[in-house]
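**Q** I'd like to ask some things about the structure below.
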Amino acid sequence: MISLETQYLGLTLSNPIIVSSSGLTNSAEKVVKLEKEGAGAVVLKSLFEEQIMAEASQTLSNTEGQYPEAIDYVQTYVRSQSLSQYLELIRDCKAKTNIPIIASINCFSAGEWTSFAKNIEEAGADAIELNVFTLNTGLHKSSEDYEQTYYQIVREVKKVVSIPIAVKLSFYFSNLIHVIDRLKAEGASSVVLFNRFYQPDIDINTLKVTAAEVFSVPSDQFQTLRWTSIASGLTKMEVSSSTGVHDYDAVLKMLLAGAQTVQMCSAIYQQGREVISQILTCIEEWMEQKDFASIEEFRGLMNYRAINDPSLYERNQFMKYYSSRE
Ligand SMILES: Cc1cc2nc3c(=O)[nH]c(=O)nc-3n(C[C@H](O)[C@H](O)[C@H](O)COP(=O)(O)O)c2cc1C
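Each residue of the sequence shown is one higher than the one before, counting from 161 in this note's numbering.
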C-alpha cells in the first residue's frame, strides 16, 4: 500500500503538494476545490505589509484638515479591516476543509505588523509563512545589514506565536546556506526556496516600464533543485521547494533532492486544479515501479550529502559543455 503522507512544519499532510500563496488561495471556496483535487495543504494569499500601509495612507489622504486623533483612528480602523477580512478567510478555510491552512505575510521590516501574527494564530492558522523580501540596493549597507532584518522579523514573530514559522526566501543572498542556518537558530521551522517576484520589463515602443511574465516556466526548476539539494544536505532546516514545478517529474526531483514539500502555483493557473490529482497519480505509479512504499524511502536520496560527488551541484561553469559544442 503506497502512502504519500508527509510531515511538514510539524503537521501531517496527505501528500507533499502545497498550493502556493496566490490568488488561487484567496477564498474558502477555492481552497475547498483545491482540497478535492488532492492538495496536501495550502498557503493562503499574502497579507501585504505594503497593502495595509497603502490602504491606510489612501484613507488618510481623504482626511486632510482633520485632527491628528482622527487620523490615528482612521489608520487603526483601516488596518483592522484588512486584518479582519484576512482572519475571516482563515476561519472560513478551517471551517470548510480538513487540510492544513498556512497563513502568509509579505513583509520587509520587523515593524508593528508583527503583532498581527498573534491574531492569525488565534484565527486558527496551522502555521505562518513569512514572505520576506528586501531588494538590496543601499550603497552604504552590507549584505549582513540586510540579513539582520530577516532574523529580526523571525525573532519578533516568534515572540508572539507558538505555531511554526516558514520563511519564503529569494536567492539573492551572498551565502544562502548561512542565512538558512541562522534562520533555524532564530526559530524558523522551514524555508521556502524560492519566491518568484514581479519583474520589470521595458516596452521599446511606448518607452514605458511594464510588468514581465508573471508565470514561471519549467526551466526555472533547476535553480530550485540545486538549492533544495544543498540546503537539505547541509542544514537541518526543512525545505519546501517552490518555483518552476510544473509536472510530476519536477515534484519527484525535488523530493529526491531532499524537499519536505513542493509548492505549485503557475502550473495550477495554467493547467487548472486537476493537475494536482494527475501529478499525484503519476507519483504513485512511479513509486510502484520503483518499489517505494513511502516518500521517506526516497526523500533526499540524491541530495548534496547523499551523492558520491556533491560537486555536481556546485559546478557553475560550462567548460565541459562548451568544449563539446562547436
Ligand atoms: C498571480 C500570482 C500571485 C502571487 N501572489 C503571491 C502572494 O500573495 N504571496 C506570495 O508569497 N507569493 C505569491 N506569488 C508567488 C507564488 O506563490 C510562487 O512563489 C511563484 O509563483 C513561484 O512558483 P511557481 O513556479 O509554481 O509559479 C504569486 C504568484 C502569482 C503567479
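Beta carbons are placed, not taken as given, at the ideal position from N, Cα and C, and that holds for glycine.
Between Ala-345 and Ala-326, how many whole angstroms is the CB-CB distance? I'm expecting something under 8 Å.
**A** As a working mapping, residue 345 is identified with position 185 in the sequence shown. As a working mapping, residue 326 is identified with position 166 in the sequence shown. Actually they do not touch by this definition, with Cβ atoms about 15 Å apart.
**Q** Which class does Thr-421 belong to by DSSP, given the choice of helix, strand or coil?
**A** Indexing the sequence shown from 1 puts residue 421 at position 261. Strand, per DSSP.
**Q** Quick one: complete beta strand (DSSP E) runs, 3+ long, within the region 380-454?
**A** List check, beta strand (DSSP E) in window: 398-402, 421-424.
**Q** So, with DSSP's three-state summary, where would you put Gly-225?
**A** On the sequence shown, residue 225 is found 65 positions in, with the first residue counted as 1. Low local confidence applies: a pLDDT of 47 at Gly-225 is under 50, so the model's placement there is unreliable, and no value is given.
**Q** Relative to the C-alpha of Tyr-284, which candidate in Asn-291, Val-192, Asn-258 has its C-alpha closest?
**A** Taking the sequence shown and counting its residues from 1, one reaches residue 284 at position 124. Inspection of the sequence shows that residue 284 is occupied by Gly rather than by Tyr. For the residues Asn-291, Val-192, Asn-258, the minimum Cα distance to Gly-284 belongs to Asn-258.
**Q** Please report the distance separating the alpha-carbon of Glu-224 from that of Val-202.
**A** Counting from one through the sequence shown, the residue named residue 224 turns up at place 64. Counting from one through the sequence shown, the residue named residue 202 turns up at place 42. Unreliable positioning characterises Glu-224 in this predicted model, as indicated by a pLDDT of 47, which lies under 50. The coordinate reading is nonetheless provided below. Cα to Cα, Glu-224 sits roughly 41 Å from Val-202.
**Q** For the region 179-214, which segments carrying the alpha helix (DSSP H) assignment without a break, of at least 4 residues, lie completely within its bounds, in sequence order?
**A** Complete alpha helix (DSSP H) runs here, min 4: 188-196.
**Q** Ordered along the chain, which non-local residues of its own chain (more than five positions away) have a Cβ less than 7 Å from that of Ser-182?
**A** Within the sequence shown, residue 182 is the residue found at index 22, counting from 1. Hits under 7 Å: Lys-205, Cys-425.
**Q** Considering only heavy atoms of ligand 1, does any lie closer than 7 Å to the CB of Val-411?
**A** Position 251 of the sequence shown, counted from the start, is the residue given in the question as residue 411. Because no heavy atom of ligand 1 lies under 7 Å away, the Cβ of Val-411 does not count as near it: no.
**Q** Taking the continuous alpha helix (DSSP H) assigned at Asn-175, which residues delimit it?
**A** Taking the first residue of the sequence shown as 1, we reach residue 175 at position 15. Premise fails: Asn-175 is in no alpha helix (DSSP H) and is neither H nor E.
**Q** Can you tell me the Cβ-Cβ gap for Ile-178 and Glu-444, rounded? I've got them flagged as a contact below 8 Å.
**A** One-based indexing of the sequence shown puts residue 178 at position 18. One-based indexing of the sequence shown puts residue 444 at position 284. 18 Å between Cβ atoms; not a contact.
**Q** In the DSSP output, what is Gln-308 paired with across the bridge?
**A** Here residue 308 corresponds to residue number 148 of the sequence shown, with the count starting at 1. DSSP, once it has assigned bridges, lists no residue as partnering Gln-308.
**Q** For ligand 1, is there any heavy atom lying closer than 7 Å to the beta carbon of Asn-355?
**A** Counting from 1 along the sequence shown, the entry for residue 355 is found at position 195. Yes, the Cβ of Asn-355 comes within 7 Å of a heavy atom of ligand 1.
**Q** Going residue by residue through the region 281-344, where are the continuous beta strand (DSSP E) segments of at least 3 residues, counting only ones entirely within it?
**A** With a minimum length of 3 residues, the continuous beta strand (DSSP E) runs that stay inside the region 281-344 are 287-292, 325-329.
**Q** Less than 8 Å between the CB atoms is what I'm expecting for Ile-390 and Tyr-464, so what's the real figure, rounded?
**A** Position 230 of the sequence shown, counted from the start, is the residue given in the question as residue 390. Position 304 of the sequence shown, counted from the start, is the residue given in the question as residue 464. So it is a contact: roughly 5 Å between Cβ atoms.
**Q** Output the boundary residues of the beta strand (DSSP E) element that contains Tyr-168.
**A** Reading the sequence shown from its first residue, position 8 is the one you call residue 168. Per DSSP, Tyr-168 belongs to the beta strand (DSSP E) from 166-168.
**Q** Take Phe-268 as the anchor and find which of Tyr-473, Glu-209, Leu-336, Gly-418 has the nearest alpha-carbon.
**A** Position 108 of the sequence shown, counted from the first residue, corresponds to residue 268. Nearest option by C-alpha distance: Glu-209.
**Q** Can you look up Pro-378 in the DSSP assignment and give me helix, strand or coil?
**A** As a position in the sequence shown, residue 378 is number 218, starting the count at 1. Pro-378 falls in the helix class under three-state DSSP.
**Q** Run the CB neighbour count on Ser-402, radius 10 Å, all protein chains shown included, and call it buried at 16 or more, exposed below.
**A** Translated into positions along the sequence shown, residue 402 becomes position 242. Buried, by the Cβ-count rule.
**Q** In the structure shown, what three-state DSSP assignment does Leu-353 receive?
**A** Position 193 of the sequence shown, counting from 1, holds the residue named residue 353. Looking at Leu-353 - three-state DSSP - the assignment turns out to be strand.
**Q** Can you give me the start and stop residues for the beta strand (DSSP E) that Ser-264 sits inside?
**A** Taking the first residue of the sequence shown as 1, we reach residue 264 at position 104. Start and end: 261-267.
**Q** Rank Ile-364, Val-405, Asn-291 by C-alpha distance to the C-alpha of Val-487 and give the top, closest one.
**A** What the structure shows of the chain is the stretch from 161 to 486, and residue 487 is not part of that stretch, so it cannot be assessed.
**Q** Going by beta carbon distance, what residues of the same chain come within less than 6 Å of Ala-427, once the five residues before and after it are set aside?
**A** Reading the sequence shown from its first residue, position 267 is the one you call residue 427. Excluding residues within five positions, the ones whose Cβ falls inside 6 Å are His-406, Val-435.
**Q** Measuring CA to CA, which of Trp-387, Val-422, Ile-288 is closest to Glu-474?
**A** In the sequence shown, the residue the question calls residue 474 occupies position 314. Per the Cα distances, Trp-387.
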